[in-house]
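Scroll down for the structure; my scribbles are underneath it.
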Amino acid sequence: MSDPIQSLLKKALSPGISDLFVGANKVPAFRIKGKVVLEDGYPPVPAAVIDEFRRQAVGEKGEKYYEENGTCDASFSFSRSERFRLNFYTTIVGPALAARPVQSGNELDMDQLNLPPILKELCDSPRGLILVAGSTGSGKSTTLGAIINRINQRYEKHILTIEDPIEFLHTNGKSLISQREINSNAVSFVDALRSALRENPDVIVIGEMRDTETMQVAINAALTGHLVVSTVHTADTIQSVERIINMFPEHQREQAAIDLGMALIATLAQRLIPMKDGNKMIPAFEILLGTPTVKKSIADRDYDALEDSLKRGSESGMVTFNRAIFHLFKKNVIVLEDALRAVNNPDEFNLLVKGMESGVDAFRNQYGNGFDVDDGTFVDMRTLLRIAVATGASDLHLTNGSAPILRINGTLRPVDLPVLGSVDIQRLLYSVISPRQRIELEEKRELDFALAVTLDADSTRFTRFRINAFFQRGTLGVVARVVNSVIPTPEELTLPVPLLSLLEKHQGLILITGPTGSGKSTTLACLLNIINHTRNAKIITIEDPIEYVHDNHYSIVEQRELHSDTLSFSSALKYALREDPDVIMVGEMRDVETIAAALTAAETGHLVFATIHTNSAPQTIDRIVDSFPNFQQNQIRLQLASVLLGVVSQRLIPKLDNSGRAAAFEVMIGTPPVQSLIREGKTYQLQSVIETSFKDGMITLEKSLTNLYNAGLVSLESTKVYHADYKQIKEF
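Counting from 686, one number per residue, gives the positions in the sequence shown under our numbering.
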């Protein structure tokens, strides 16, 4: 044996050293606690010494393979307890060697290795497939060794390992362990695996699934009663699934996906991150579990759905890399710089760090304090949102070629900040959306979502925003609506008494209408809050996105968000009827299917609230009826007339004292005359009925505006904008 390399291998057995690197005519180096350190004072190792050591280690067959491929794996040992995994390879300056000490697998404790607790449960599985993914040097072999040791110490089983080379030596505990090494005890993984099935193992551990044949045999073994554990060289869990399926020929992928979905128990992807104290590395795990939904998504090769299941699966034990690394960062185990290097998406990670989450994620994850890491070189999104809240603005506008603009009491006012360019707006927006949302924005050219933000460093309270991103003249624009976390009272909103009286009804349809920004969502939230505090009922809301969050009081409130919890308003409405609701709120009736479902819900014993973008109560009726084909319109008139309780059209008018905005309401109640006109299609007469039915609680918008003016709340000029004669303007 070559003494220089042998002495280096002896030193590599020292604590803290994980790898040895020897290159031709170069100073050797060790990887110590994750960092490569040159062995100063040690002379360069000649190429001839490396060649001689390689020939003795790999044998004649291995040397031939090395000459053909430029690389070769092997093992070397001083004794049974002092083994090394070797890789020989060629470089531009000559031969090289990478060596890793092989330790005893009986000392691998999951708790000491900081492995996720759920891995212990996975080891109890009698059959199925467990995949461990990660890049080279990420600790996959150590995790495999810990799994073997866990089973070995707890169960009477036959564990067969197929490795290239053996990295951890295991002695029998409660289990019988057979370790086979490629080239030494077997020709290839697939040959060893085929043979393994005849050796009656309970657990099969495959060092790496490198080819289609190995994958096929491994999946079949998992499906036929064996627990199969293996590694794959991929960056994350979903990529692992996709890589395995795509390794098969096109005509076999459908069946491969079905088989993989059936076999998979879990996929774990891991990354090693330096600990804050600098003493060692700690693993971060992304965990995808084989739930029924995940299995179906794999079988369907629906990787978007798989990603969604991963993000939603926290209650089942699933976690994304960003979340796992964020946990380590929040526990002060790692530093921010190392965390950012390890995450998939630094922008999304910074979103978590700064206390900003997507609206739905904020409900699922409460991580305590948020704080800034701003370096002062630019204004970030949270700063702008904080300004909007502090100034009492209702909206924040970001548009190319202008400074940020706030809408305060209905008036647009620029912020004293530099003009935004298209790149600035893109940076601000991308800091608060996920990669999937970026793709949706690029494809659909617009994006709606909710954002929850902790505005103060010492606060755990989220402030919510409704954000819309869009393209205009080829550049991005953003509007952020501030959502008040405290639901206003009906007195604060000055809601009409006739509208509040309708809440006593237990069946029918109440419509809240008006243009964008007229307060429809706030009115709906107030009405639902009244029911929640006064009635024993089940309330289901379908929103895009969720704006006001309702806690359960006398009622049970279930809030569903479009895209996060359901794919469409119409689909959610259809299934809501099977969820035993008393009250249903539809954020917006956008299409024929949603309108039809809402009418059916109101007809079948439910109190339904909904909004629609129209300017008056009569116009609302026309909009609903005209949405349907001609042959259906008569039936819709009959159905609408039978369920309509009332239509409220509202506007927000700036107050004279600039203290806010006053609400003006047009109210049409579903009295018999109104129902009759709707059935007969005489909607042009509805305005006259509203004007003459004050005793029934109806009021025109013009009368409501006049009342505000007479009360000294608004100016005459501000009311003129909203005056319109519906008899003359029926088209819209």
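Backbone N, C-alpha and C fix where the C-beta goes; we use that ideal spot for every residue, glycine too.
Remember, predicted model here, so these are calculated numbers, not experimental data.
{"query": "Neighbourhood of Arg768 by C-beta, 8 Å cutoff - its chain only, sequence neighbours within 5 removed", "result": "Ser760, Phe761, Ser762, Pro786, Val787, Ile851 and Leu854"}
{"query": "Glu1351, enclosing beta strand (DSSP E) - first and last residue", "result": "Arg1346 to Ile1354"}
{"query": "Cut-off 6 Å between Cβ atoms - residues of its own chain near Ile1090, not counting five sequence neighbours on either side", "result": "His1082, Leu1097 and Pro1099"}
{"query": "Identity of the residues DSSP links to Asp758 by a beta bridge", "result": "Asn772"}
{"query": "Cα-Cα separation between Val721 and Met966, rounded to whole angstroms", "result": "13 Å"}
{"query": "Other residues of its chain near Leu660: CB distance less than 7 Å, five sequence neighbours each side excluded", "result": "The chain is shown only over 686 to 1417; residue 660 falls outside these bounds and no answer can be derived."}
{"query": "Per DSSP, the bridge partner or partners of Arg1149", "result": "Ala1137 and Val1168"}
{"query": "Of the residues Phe1014, Arg928, Gly946 and Gly747, the one placed nearest Pro968, counting alpha carbons only", "result": "Phe1014"}
{"query": "Simplified DSSP state of Gly946, which is helix, strand or coil", "result": "helix"}
{"query": "Opening and closing residue of the alpha helix (DSSP H) in which Leu1113 lies", "result": "Ser1107 to Tyr1115"}
{"query": "Alpha-carbon to alpha-carbon, Pro1339 and Gly1345", "result": "6 Å"}
{"query": "Member of Arg1275, Glu1288, Ala1287 and Leu1292 whose CA lies at the smallest distance from the CA of Asp1311", "result": "Arg1275"}
{"query": "Unbroken beta strand (DSSP E) run spanning His1191, endpoints", "result": "Here His1191 belongs to no beta strand (DSSP E), and DSSP marks it neither H nor E."}
{"query": "Touch test, the stretch 936-943 against the stretch 978-987, Cβ-Cβ under 8 Å, three pairs minimum", "result": "yes"}
{"query": "Burial state of Arg1121 (16 or more Cβ within 10 Å)", "result": "exposed"}
{"query": "Element boundaries [alpha helix (DSSP H), containing Asn1212]", "result": "One point to set straight first is that residue 1212 is Leu, not Asn, in the sequence displayed. Per DSSP, Leu1212 belongs to the alpha helix (DSSP H) from Lys1205 to Thr1219."}
{"query": "Rounded separation between Gly1061 and Asp1109 - CA only", "result": "Confidence in Gly1061 is poor, its pLDDT being 38 and thus under 50, which makes the residue's placement unreliable; the coordinate value appears in the next sentence. For Gly1061 and Asp1109, the distance between alpha carbons rounds to 15 Å."}
{"query": "First and last residue of the uninterrupted beta strand (DSSP E) at Thr1068", "result": "Taken as a continuous stretch (DSSP letters only), Thr1068 belongs to no beta strand (DSSP E), being part of the alpha helix (DSSP H) at Met1066 to Ala1075."}
{"query": "Cut-off 8 Å between Cβ atoms - residues of its own chain near Asp1059, not counting five sequence neighbours on either side", "result": "Confidence is the limiting factor: at Asp1059 the pLDDT is only 36, short of 50, which leaves the residue's position unreliable and the question unanswerable from this model."}
{"query": "Near the ligand ADP: Ala1283 beta-carbon under 8 Å from a heavy atom", "result": "Judged by which ligands are present, the structure shown has none, so any question about the ligand ADP falls away."}
{"query": "Nearest candidate by alpha-carbon position, reference Gly1106, set Met1270, Arg1308, Thr821 and Ala1088", "result": "Ala1088"}
{"query": "9 Å Cβ cutoff met for Ile1172 and Cys1211", "result": "yes"}
{"query": "Among Lys746, Ala784 and Pro886, nearest to Leu698 - alpha-carbon criterion", "result": "Ala784"}
{"query": "Span separating the alpha-carbon of Pro802 from that of Cys808", "result": "11 Å"}
{"query": "Alpha-carbon to alpha-carbon, Leu1329 and Gly1366", "result": "15 Å"}
{"query": "Sub-9 Å separation of Leu793 and Ile833 beta-carbons", "result": "yes"}
{"query": "Distance between Asn1169 and His1291 (C-alpha atoms, nearest Å)", "result": "28 Å"}
{"query": "Nearest neighbour of Leu685, chosen from Thr1076, Pro959 and Ser826 [CA to CA]", "result": "With the chain represented from 686 up to 1417, any question about residue 685 goes unanswered, as that position is not in the structure."}
{"query": "Contact set for Glu1288: own chain, Cβ-Cβ below 6 Å, skip 5 residues either direction", "result": "Val1328"}
{"query": "The beta strand (DSSP E) enclosing Glu1264, as first and last residue numbers", "result": "Here Glu1264 belongs to no beta strand (DSSP E), and DSSP marks it neither H nor E."}
{"query": "When Gln864, Val1293, Arg716 and Leu949 are compared against Ile815, the one with the closest alpha-carbon", "result": "Leu949"}
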